[in-house]
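Numbering (my numbering), first residue to last: 34 to 380.
What follows is the structure, encoded as structure tokens:
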């Protein structure tokens, strides 16, 4: 989240409060992931370009193998296997590999299964921070149980946290959320104060739910994707539009397409899924024209950094176009509301 995050608009702040009856919801609906601190910036050609929400400086080099180990409360064999099986889904769409090793102290991603501290992950290269001891986890699964069957919400949790681990931020805090949702601030604050253990105060709720990311921190994003694995569950009472968003437990088409364009399988590499191609990713997102041609050229040349950079340019331009259209619509609405002056009669 940006330290200079925009706040929720006045419409949401003024909306009447409504009590959300959490007792009517499955217990797992009340599990929410809080962002962890983020990592240092780099000095590459895409540093400062900020999927889906990702920030380039936090993302890994394309094609990298990330080592993973289980630490401290390492979980049972069945809990560990759930993680190993589920993360293969990300490998189908992003040109990354997760290698599980026996010595967690030397692993890049270190997973624990501590109860009562929720599920969370450092974002991208945030796990490399010198402030994190090698004996401490960089990811935790508080809601993955020691059972033989991987429940849908467990798969969703694992995919969500590994989404953070490869650089994804929370979708519900997209800079373009306002195009679809205006949140009711007090309703949201009251809900998290009642349902989280320990309770979230207003500031933590603003940081993890209400505030949107500043576009100086994130630029690779599309219109807010309600079906993204990075989107929070929201009851209809949370927003002015009355839209209910159920927990997402699978990767959405946009999750997959963004994963490919941020970690592309360039010529000479390929996904285990033959349907995962640069063309399918571009079509899913809807990238056309000169930017599409530029991305295709960078991809054909094997320049993954170029693909990311061109993708960023498209994202920024799309937001600018939508902002311009919204401002124009607002001006037209105001003009239509102003009564036309009656003509003055001349005798």
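Every residue, glycine too, gets a C-beta built ideally from N, C-alpha and C.
Contact check, residue i vs residue j, beta carbons under 8 Å
i	j	result
residue 229	residue 177	no
residue 191	residue 115	yes
residue 194	residue 154	yes
residue 221	residue 243	yes
residue 146	residue 108	yes
residue 91	residue 131	no
residue 281	residue 260	yes
residue 312	residue 297	no
residue 217	residue 272	yes
residue 152	residue 174	yes
residue 292	residue 317	no
residue 332	residue 299	yes
residue 340	residue 287	no
residue 263	residue 278	no
residue 168	residue 119	no
Residues near residue i by beta carbon distance below 7 Å, same chain, minus five either side
i	result
residue 276	214 and 269
residue 125	304, 305, 306 and 309
residue 327	343
residue 336	none
residue 117	133
residue 235	222
residue 179	109, 111 and 112
Classification of residue i by the beta-carbon crowding that lies within 10 angstroms, buried from 16 upward
i	result
residue 158	buried
residue 266	buried
residue 171	buried
residue 207	buried
residue 209	buried
residue 319	exposed
residue 149	exposed
residue 368	exposed
residue 258	buried
residue 361	exposed
residue 323	exposed
residue 353	exposed
residue 345	buried
residue 334	exposed
residue 140	buried
Residue interval of the alpha helix (DSSP H) (run including residue i)
i	result
residue 384	Because the chain is modelled from 34 through 380, residue 384 falls outside the range shown and cannot be assessed.
residue 130	Looking at the DSSP string, residue 130 is not in any alpha helix (DSSP H); the run it does join, the beta strand (DSSP E), is 130-133.
residue 271	Here residue 271 belongs to no alpha helix (DSSP H), and DSSP marks it neither H nor E.
residue 99	That residue, residue 99, is in no alpha helix (DSSP H); its beta strand (DSSP E) goes 98-103.
residue 194	185-198
residue 227	218-228
residue 236	235-238
residue 311	311-318
residue 288	286-295
Residue span of the beta strand (DSSP E) that contains residue i, given as start and end
i	result
residue 143	142-145
residue 120	First-last for residue 120: undefined, no H or E at that position.
Selected residue, minimal CA-CA separation from residue i, among the options
i	options	result
residue 142	219, 304, 97 and 235	97
residue 161	290, 128, 135 and 200	200
residue 198	239, 156 and 184	156
residue 185	360, 311 and 284	284
residue 351	321, 139 and 327	321
residue 165	119, 205 and 138	138
residue 94	361, 338 and 364	338
Cβ-based neighbour list, residue i, same chain, cut-off 6 Å, excluding 5 preceding and 5 following
i	result
residue 315	325
residue 225	233 and 238
residue 205	264 and 265
residue 106	145, 146 and 147
residue 104	137, 143, 145 and 170
residue 123	195
Contact test: residue i Cβ vs the ligand FMN heavy atom, cutoff 7 Å
i	result
residue 140	Absence of the ligand FMN is noted for the structure shown, with no ligands found whatsoever.
Beta-carbon contacts of residue i that lie in its chain and below 8 Å, excluding the five residues immediately before and after
i	result
residue 26	The requested residue 26 does not occur in the structure, where the chain is confined to residues 34 to 380.
residue 189	262, 280, 281, 282 and 283
residue 274	213, 214 and 215
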